[in-house]
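Start counting the sequence shown at 7; every next residue gets the next number (the working numbering).
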Amino acid sequence: MKYDYDLFVIGAGSGGVRAARIASQAGARVAIAEEYRIGGTCVIRGCVPKKLLVYGSEFSQAFADSAGFGWTVTGATFDWATLRDNVQKEVTRLSGIYNTNLIKAGVTPFEERAELVDAHTVRLAKSGSQFTAERVLIATGGAPQLLDGLPGLELGITSNEAFLLPKFPRRILIVGGGYVALEFANIFHGLGAEARIVHRGDRMLRGFDDDLRAHLHIESERFGIRLTMKTTLTKIEKAKDGLRVTLSTGEHVDTDQVLFAIGRHPNTRGLGLERAGVEVDKYGAVVVDEYSQSSVASVYAIGDVTNRVNLTPVAIRDGHAFADSVYRNRPTPVDHRSVPSAVFGRPPIGTVGLGEGDARLSHGEVDIYRTNFRPMRNMISGNQERTLMKIVVERATDKLLGVHIAGEDAPEIVQLAAVAVKAGLTKKQWDSTVALHPTAAEELVLMREPVPRSPA
Ligand SMILES: Cc1cc2nc3c(=O)[nH]c(=O)nc-3n(C[C@H](O)[C@H](O)[C@H](O)COP(=O)(O)OP(=O)(O)OC[C@H]3O[C@@H](n4cnc5c(N)ncnc54)[C@H](O)[C@@H]3O)c2cc1C
């Protein structure tokens, strides 16, 4: 045989594992290399452990809310080691399942780093073994960005380390304005820490609908997270009691932990892509076509390393579509539009499709339906948290362009709203659905009048 393998996958995360399994089940001889732990970011240090920490952090609010319903909760205390270790146990269980599934599918796993030697050859960094493959799939994901050059940078951590902290911080300063920053602020605050976000932009959650962003600012501050915008860090130093951070405003902040959540870069450094002649963009992302094929015919790339839509279900779709296209004779381009996403903040966000600003730019005239209310549950609890719902509709066609919710269960609700947006339903069809009472979600089908247009 000309090559050792038909397919060599680099990176056993969400995308790589799916691609390897489907290709192998289709009869290809497949190997996969993983430098850290099988399962990748989502399973080991992303979505899964994060959501488990979110669940853990929600109890404090539930205890507070319970008083209005007649409960007295006394002596509630929180033990970080218990939560951390239970989360890690679950992560290890899931990683084991991923490994077993790979082996069951006939894939050969190598638990070490791999790099490209040329367009058909991969070298394993630790053992030095070298293998040839007809095709190589780059599925190496992304890695946290750091504030390079910041004095004291090494005193901070990223989300990677946040899951494994030996000690729970009493105070945490989080740097960044994206969903990871907001989620960790909510997790730590919900678990009892003082949380403060410092962000160089003027608002959190760039890329989300502006009303949602404004709503989350109000609600996050109401929840007790301190937001400091238009500010950066100039220094981190060790202090007698933790760390001392200097901000660009000159303010000194004493804290126990600094967490950098300023974005992620595609994991292509040192991968040898240049040796194979694979084109990358200015961010280091592998440039691919709609079938995930790179500029070199034998090299493909999927998931976060391509920096298209950096979410787990997308990486899985990319991986599955690649295997279908190449090994099952079913050419499958992936449509990256109208992918729903969530932010597990307080309240959580669920969103799909275009925000108002983007919709106006790409579709011209739009109608906006919006409601902002205090949900029934909060009336008795005394919790002041409000829910925002917003629907963006193309005026000319009446088609739904986006559905955006900040409120309890928003991610669960939006998964289904995404079906309607993806299917291109009209607002009239949406409204023909009878409400389900009593729910918060019923408000979504009861917004009959668009908000009046502000004068141009
Ligand atoms: C804190 C956090 C929370 C997140 N929450 C969500 C969420 O709620 N929902 C959601 O959809 N997405 C979430 N994401 C994003 C999600 O984790 C990624 O989109 C997804 O994991 C991408 O899958 P992937 O297969 O492209 O890469 P990854 O899952 O990152 O897998 C890449 C793998 O390649 C390995 N690797 C890298 N280089 C090499 C090499 N040279 N040799 C061998 N192995 C290598 C890495 O160790 C890694 O295991 C979150 C991410 C983070 C960081």
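Ideal Cβ positions, reconstructed from N, Cα and C, are used throughout, including at glycine.
* Of all the options D154, T252, A447, G230, which has the alpha carbon lying nearest to the alpha carbon of L239? -> On the sequence shown, position 233 is the one that residue 239 refers to. Comparing C-alpha distances from L239 to each of D154, T252, A447, G230 shows the shortest one belongs to T252.
* **Given A26 as reference, the closest of T234, F328, V60 once Cα atoms are compared** => Numbered from 1 along the sequence shown, position 20 holds the residue referred to as residue 26. That would be F328, whose Cα lies nearest to the Cα of A26.
* Asked: Which whole-angstrom value describes the C-beta separation of I193 and L317, a residue pair presumed to lie in contact below a C-beta threshold of 8 Å?
  -> Reading the sequence shown from its first residue, position 187 is the one you call residue 193. Reading the sequence shown from its first residue, position 311 is the one you call residue 317. Not quite, the Cβ-Cβ distance comes to about 19 Å (not below 8 Å), so this is no contact.
* Determine the contact status of N273 and V311, defining contact as a CB-CB distance below 7 Å. => In the sequence shown, counting from the first residue as 1, residue 273 sits at position 267. In the sequence shown, counting from the first residue as 1, residue 311 sits at position 305. Contact check for N273 against V311 passes: the beta carbons are separated by less than 7 Å.
* Is the beta carbon of A339 less than 7 Å from the beta carbon of E296? -> The residue given as residue 339 occupies position 333 in the sequence shown. The residue given as residue 296 occupies position 290 in the sequence shown. Per the sequence shown, residue 339 should be read as Pro rather than Ala. Against a cut-off of 7 Å, the Cβ pair of E296 and P339 comes out as a contact.
* Asked: Do you know how far the Cα of E121 is from the Cα of G276?
  -> Position 270 of the sequence shown, counted from the start, is the residue given in the question as residue 276. Position 115 of the sequence shown, counted from the start, is the residue given in the question as residue 121. Near 7 Å, if we compare the C-alpha coordinates of E121 and G276.
* To do: Starting from the Cα of S30, find the closest Cα among V113, D373, Y9 and give me that residue.
  => Residue 30 sits at position 24 when you count from the first residue of the sequence shown. Here the closest residue by C-alpha is V113.
* Would you call the CB atoms of E140 and D12 closer than 7 Å? -> Your numbering for residue 140 matches position 134 in the sequence shown. Your numbering for residue 12 matches position 6 in the sequence shown. Yes; because the gap between Cβ atoms is below 7 Å, this pair is in contact.
* Asked: What are the boundary residues of the alpha helix (DSSP H) that includes H369?
  -> As a position in the sequence shown, residue 369 is number 363, starting the count at 1. Boundaries of the alpha helix (DSSP H) around H369: 362-369.
* **Neighbourhood of S254 by C-beta, 6 Å cutoff - its chain only, sequence neighbours within 5 removed** => For the purposes of this step, residue 254 is identified with residue 248 of the sequence shown, where counting begins at 1. The residues are T237, T238, T240.
* Asked: Helix, strand or coil for A68 per DSSP?
  -> Sequence index remark: in the sequence shown, residue 68 carries index 62 (1-based). Residue state, collapsed to three classes: helix.
* Near P381, which residues of its chain fall below 7 Å by C-beta distance, leaving aside the five closest residues on each side in sequence? -> Mapped onto the sequence shown, residue 381 falls at position 375. For P381, the CB contacts under 7 Å within the same chain, skipping 5 residues up- and downstream, are T393, G413, E414, A446 in chain order.
* To do: Pull up the CB-CB distance for I355 and I419, whole angstroms please, since I reckon it's below 8 Å.
  => Here residue 355 refers to the residue found at position 349 when the sequence shown is read from its first residue. Here residue 419 refers to the residue found at position 413 when the sequence shown is read from its first residue. About 11 Å separates the two Cβ atoms, so there is no contact after all.
* **Cα-Cα separation between T432 and T83, rounded to whole angstroms** => In the sequence shown, residue 432 corresponds to position 426, counting from 1. In the sequence shown, residue 83 corresponds to position 77, counting from 1. So the two alpha carbons sit approximately 49 Å from each other.
* To do: Just tell me which of Q299, L407, A348 has its CA closest to the CA of D324.
  => Here residue 324 corresponds to residue number 318 of the sequence shown, with the count starting at 1. The shortest C-alpha separation from D324 is found at Q299.
* What first and last residue would you give for the beta strand (DSSP E) that runs through G356? -> The residue given as residue 356 occupies position 350 in the sequence shown. Segment 355-359, the beta strand (DSSP E) holding G356.
* Cβ of I180 versus every heavy atom of ligand 1: is any distance shorter than 6 Å? -> Sequence index remark: in the sequence shown, residue 180 carries index 174 (1-based). It does not: the Cβ of I180 is nowhere closer than 6 Å to a heavy atom of ligand 1.
* Asked: For the beta strand (DSSP E) that L249 lies in, which residues bound it at each end?
  -> Sequence index remark: in the sequence shown, residue 249 carries index 243 (1-based). Counting along the chain, the beta strand (DSSP E) containing L249 begins and ends at 248-253.
* **Nearest neighbour of R43, chosen from V128, K56, S20 [CA to CA]** => If you number the sequence shown from 1, residue 43 lands on position 37. Relative to the Cα of R43, the nearest Cα in the group V128, K56, S20 belongs to S20.
* Asked: Is it true that the stretch 357-371 meets the stretch 421-440, where meeting means three or more beta-carbon pairs spaced less than 8 Å apart?
  -> Two segments are said to touch when three or more pairs of C-beta atoms, one from each, lie closer than 8 Å; by this definition the stretch 357-371 touches the stretch 421-440.
* What did DSSP end up calling R43 once you bin it into helix, strand or coil? -> In the sequence shown, counting from the first residue as 1, residue 43 sits at position 37. DSSP places R43 in coil when its eight states are reduced to three.
* Three-pair Cβ contact test at 8 Å for the stretch 395-405 versus the stretch 197-212 -> Segments in contact, no.
* G46 and G147 closer than 7 Å at C-beta -> If you number the sequence shown from 1, residue 46 lands on position 40. If you number the sequence shown from 1, residue 147 lands on position 141. In this structure, G46 places its C-beta atom within 7 Å of the C-beta atom of G147.
* Can you give the Cα-Cα distance for A199 and I178, rounded to whole angstroms? -> As a working note, residue 199 is residue 193 in the sequence shown. As a working note, residue 178 is residue 172 in the sequence shown. In a straight line, the C-alpha of A199 is about 7 Å away from that of I178.
* Using a Cβ-Cβ distance under 7 Å, would R383 count as near chain C? -> You won't find chain C in this structure, because it holds only one protein chain.
* Sequence-distant residues of the same chain with beta carbon closer than 7 Å to C48, five excluded per side -> If you number the sequence shown from 1, residue 48 lands on position 42. G19, S20, V54, T318, listed in sequence order.
* Asked: Can you tell which of A111, G22, K8, M7 has the C-alpha that lies nearest to the C-alpha of Y306?
  -> Counting from one through the sequence shown, the residue named residue 306 turns up at place 300. Ranked by Cα distance from Y306, the options A111, G22, K8, M7 are led by G22.
* Helix, strand or coil: which one does DSSP assign to H223? -> On the sequence shown, position 217 is the one that residue 223 refers to. DSSP, read as helix, strand or coil, puts H223 in helix.
* Output the boundary residues of the alpha helix (DSSP H) element that contains Y482. => Not covered by the structure: residue 482. The range shown for the chain is 7 to 462.
* Going by C-alpha distance, which of F65, E449, I16, A348 is nearest L222? -> Residue mapping note: residue 222 aligns to position 216 of the sequence shown, counting from 1. If we check each option's Cα against that of L222, A348 comes out closest.
* Asked: Cβ of A111 within 7 Å of Cβ of G182?
  -> Position 105 of the sequence shown, counted from the first residue, corresponds to residue 111. Position 176 of the sequence shown, counted from the first residue, corresponds to residue 182. Taking 7 Å as the Cβ cut-off, A111 and G182 do not qualify as a contacting pair.
* Put Y11 into one of helix, strand or coil per three-state DSSP. => Here residue 11 refers to the residue found at position 5 of the sequence shown. Correct three-state label for Y11: strand.
* Asked: Smallest Cα separation from G309: which of S72, P157, I144?
  -> Locating residue 309 in the sequence shown gives position 303, counting from the first residue. When only C-alpha atoms are compared, the closest one is I144.
* Taking only the alpha-carbon atoms, compute the straight-line gap between S387 and T234 and give it to the nearest angstrom. => Position 381 of the sequence shown, counting from 1, holds the residue named residue 387. Position 228 of the sequence shown, counting from 1, holds the residue named residue 234. If you draw a straight line from the Cα of S387 to the Cα of T234, it comes to about 29 Å.
* Asked: With DSSP run on the structure shown, which of helix, strand or coil describes P2?
  -> This structure gives no information on residue 2, because the portion of the chain shown stretches from 7 to 462.
* Under 7 Å between the Cβ atoms of P150 and R270? -> Taking the first residue of the sequence shown as position 1, residue 150 is located at position 144. Taking the first residue of the sequence shown as position 1, residue 270 is located at position 264. Between P150 and R270, the C-beta gap is smaller than 7 Å, which places the two residues in contact.
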